[in-house]
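Notes for the one structure printed next.
Chains as they are written, first to last, in my numbering: chain A, 1 to 385; chain B, 386 to 770.
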């Protein structure tokens, strides 16, 4: 029996909305189990009527039915069990319970007094609009590819995308630091190519390298890239960890737009009964970890996200999160020009188009393809109310 | 059209076994899609008959039927697209394709010439047996809990576990750096408590703190813990990233046993049709990332891993991986003494028992409960052939 605990129990609490699969009795049982598993992870009957029970235990604030098989449990946690840092916050929200089927993290309810401990996105949607001098139109992103090209070839491609007016020209997510295009050779060449194009066009397109290097190098690589003059950084939080992205986003010596890529995150949203909701993973956690842009596979492309899942992501990128700014959703993955009208219809103006391979197709060449894309998008946007 | 690529195409290849859901035609289509998606991520028809096609493309080595709905595709990749580092290796194996349903990473086939670029577990199963003077018996691990206790209370618990002969006494995975038991206060107290017990017993039990701190502190925290005299480190690669664990495991100034905890990894194994197989995630990747022990929820406990899944993990912890040592499986999660016979039956001698809350139950106290557990296990082991 645990006794004699003396805690400051005056502190505030944040809440997590879990969707639980089962009947009423199962849902209640599972919700109560979450309250224990995510906190004390200890036989509750061995805890007396003390401060641990009153304050450290997760608290089931409400339980209500969502549909025939799912229940919504709102569970609150004391701020201080998160250590006020992201890794432990993620651990409290879903750490062990991720190993149980039938429990999905559906929404995070984070008061201002909690989010103020996180910087969140440095630029956010509004900041990127100002940086790109695009007060209300969609933004454009494309990717340097395929893997296997030399640094010089990738830089030439970067030049063409910049000439075509693409705002953010990123490395493909699989281009990191390989012998055929080493990181420290590629980055300066691509920076120079985009600068050359910008001088010719008067635009301010930005080269964004992929930073997916070993954990003991990644911070130094990000700072080095900044020194080379890159215009943003693409991070893969599913591989490097969300908190690694947060540290790079928070670094005032770097102070660059951050693009969050979904690599490896698919397993966390592959079931409607477990893992995270799309809005939590690609919206709320991306924001909490400092991404200004959340990249994800658009509906109808070569991936299998549904339209509903994509709009759920938009909700996560834009919902109220206290002091944490809204960010750009950037749907991509097999997009092409014929999809533009339907994407504008679904997303409106607040979208960063991510179109890659399609800009290489046809007889016209990359620059003209980019210009055609921009014209088409602007045309469609002008049709909006 | 991409042309004029000149690559060294003489290099070796490693292979990944994917399980693909669908009929024969779908499986072939998906397998071919993986070859592109995980490498060039670009319209294949725009690549000429060149070195990128010959060498960078994933190569479908074989495709065969597993059961009514699943196919096994063996796909090989050129070493150099991984940059010979773990983050990009994980990206190549499953990065984007994780976002597709119906594709599971089932097994990694890594030749010696590939694994020699990774140190893997420093101790491995055999090294831990030597460190603990336990040439053939099971090892024991327990956890300091519940969250909310003071550092002094946790240290007292550590003392009792050490008196009871538990080899590895770890922090609960949710105990990181909270006001009620700050990391830099708790660690020295627990080290001292275990040392005091070791002096009394003549044993060499080890205190293992949880290291789940922000990404820009975690390496310093791990080194600091080593300086305090801890006997191992528990990492949460699902939160911190597998490569962060690898860096800490590889650090010759730390040189401690590493316990890999499954927090947040549940979503990656929650479906038999997608994510990773249990053996890849909790076996092969844990080893590649330097864990000496893989902790996971045992069958029949408060989690839902099946017996089959658990034995699949054992396979991953022990299968041939070239230069990478086998490691200890450590099943836990709601285990108690009545489960011992069935666990010995399933796992044999090569297991690290992880029993937490159950050692606090009953009238006898922690020390006596630990002794009883060890006796029971040794009794059961003596019945083995």
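Cβ atoms here follow ideal geometry from the backbone N, Cα and C, with glycine treated the same way. Bear in mind the structure is a predicted one, so any value in this text is a computation, not a measurement.
Item to check | For residue 556/B, three-class secondary structure by DSSP | outcome: DSSP places residue 556/B in strand when its eight states are reduced to three.
Next on the checklist: Please report whether the beta-carbon of residue 105/A lies at a distance below 7 Å from any beta-carbon of chain B.
Outcome noted: For residue 105/A, the closest Cβ of chain B is not nearer than 7 Å.
Checklist entry - Which two residues bound the contiguous beta strand (DSSP E) that contains residue 727/B? => result Annotation: residue 727/B is outside any beta strand (DSSP E); the continuous alpha helix (DSSP H) that includes it extends over 725 to 732.
Item to check | Neighbouring residues, chain A, relative to residue 477/B (Cβ below 8 Å) | outcome: Per Cβ cutoff of 8 Å: 174.
Checklist entry - If you draw a straight line from the C-alpha of residue 777/B to the C-alpha of residue 502/B, how long is it? => result Because residue 777/B is not part of the residues shown, which for chain B are 386 to 770, the question remains open.
Checklist entry - For the stretch 327 to 337 of chain A against the stretch 351 to 364 of chain A, are there 3 or more C-beta pairs whose distance is under 8 Å? => result yes
Checklist entry - Checking contacts by CB at 7 Å: is residue 247/A closer than that to chain B? => result Using beta-carbon distances, residue 247/A counts as an interface residue toward chain B, with a partner under 7 Å.
Next on the checklist: Given this structure, state the Cα-to-Cα distance separating residue 77/A from residue 13/A, to the nearest angstrom.
Outcome noted: 5 Å
Checklist entry - Just how far apart, CA to CA, sit residue 385/A and residue 319/A? => result 22 Å
Next on the checklist: Counting only Cβ-Cβ distances shorter than 8 Å, please list the residues of the stretch 425 to 438 of chain B near chain A, keeping chain order.
Outcome noted: 425, 426, 427, 428, 431, 432, 436, 437
Next on the checklist: To be precise: take each residue of the stretch 230 to 247 of chain A, compare its Cβ to all Cβ atoms of chain B, and keep it if any distance is under 9 Å. Which residues remain?
Outcome noted: 236, 237, 238, 239, 240, 241, 242, 243, 244, 245, 246, 247
Item to check | Backbone secondary structure at residue 125/A - three-state DSSP | outcome: helix
Checklist entry - Three or more beta-carbon pairs under 8 Å between the stretch 504 to 520 of chain B and the stretch 601 to 609 of chain B, yes or no? => result no
Checklist entry - Excluding the five sequence neighbours on either side, which residues of its own chain have a C-beta within less than 6 Å of the C-beta of residue 422/B, listed in chain order? => result 481, 482
Checklist entry - Who does residue 713/B pair with in a DSSP beta bridge? => result 678/B
Item to check | Chain-ordered chain B contacts of residue 361/A [CB-CB under 8 Å] | outcome: 428, 431
Checklist entry - Given that a residue counts as buried once 16 or more other Cβ atoms are within 10 Å of its Cβ, and exposed if not, what is residue 426/B? => result Residue burial is scored here from C-beta neighbours: residue 426/B has at least 16 other C-beta atoms within 10 angstroms and is therefore classed as buried.
Next on the checklist: In chain order, what are the residue ranges of uninterrupted beta strand (DSSP E) at least 3 long that sit wholly in the stretch 602 to 626 of chain B?
Outcome noted: 618 to 620
Next on the checklist: Rounded to the nearest angstrom, what separates residue 246/A and residue 323/A at their Cα positions?
Outcome noted: 15 Å
Next on the checklist: Threshold first: 3 residues or longer. Then list the beta strand (DSSP E) segments lying entirely within the stretch 530 to 575 of chain B, N to C.
Outcome noted: 553 to 556
Item to check | Spatial distance of residue 141/A from residue 326/A (CA atoms) | outcome: Using only the alpha carbons, I get a separation of about 18 Å.
Checklist entry - Beta carbon of residue 17/A, beta carbon of residue 92/A: below 7 Å? => result Result no, Cβ atoms of residue 17/A and residue 92/A do not sit closer than 7 Å.
Next on the checklist: Does residue 177/A pass the burial test, meaning 16 or more other C-beta atoms within 10 Å, or should it be called exposed?
Outcome noted: buried
Item to check | Identified DSSP bridge partners for residue 462/B | outcome: 399/B
Checklist entry - Would you say residue 228/A and residue 262/A are within 7 Å of each other, going by their C-beta atoms? => result no
Checklist entry - Relative to the C-alpha of residue 757/B, which residue among 542/B, 395/B, 485/B, 722/B is closest? => result 722/B
Next on the checklist: With three or more C-beta pairs closer than 8 Å as the rule, is the stretch 685 to 701 of chain B touching the stretch 654 to 672 of chain B?
Outcome noted: yes
Next on the checklist: Looking at the secondary structure, which residues open and close the beta strand (DSSP E) in which residue 447/B lies?
Outcome noted: Unbroken beta strand (DSSP E) run through residue 447/B: 444 to 450.
Checklist entry - Should residue 164/A and residue 367/A be called a contact, given that it needs their Cβ atoms to be closer than 7 Å? => result yes
Checklist entry - Does DSSP classify residue 40/A as helix, strand or coil? => result Coil at residue 40/A, not helix or strand.
Item to check | Residues that DSSP places opposite residue 528/B in a beta bridge | outcome: Looking at the DSSP output, residue 528/B shares a beta bridge with 555/B.
Next on the checklist: Output needed for residue 486/B: all residues of its chain with C-beta closer than 6 Å, excluding positions within five of it in sequence on either side, in chain order.
Outcome noted: 659
Next on the checklist: For a quick check, are the C-beta atoms of residue 219/A and residue 104/A less than 7 Å apart?
Outcome noted: no
Next on the checklist: Please state whether the Cβ-Cβ distance between residue 494/B and residue 400/B is less than 7 Å.
Outcome noted: yes
Item to check | Secondary structure of residue 352/A, DSSP reduced to three states | outcome: strand
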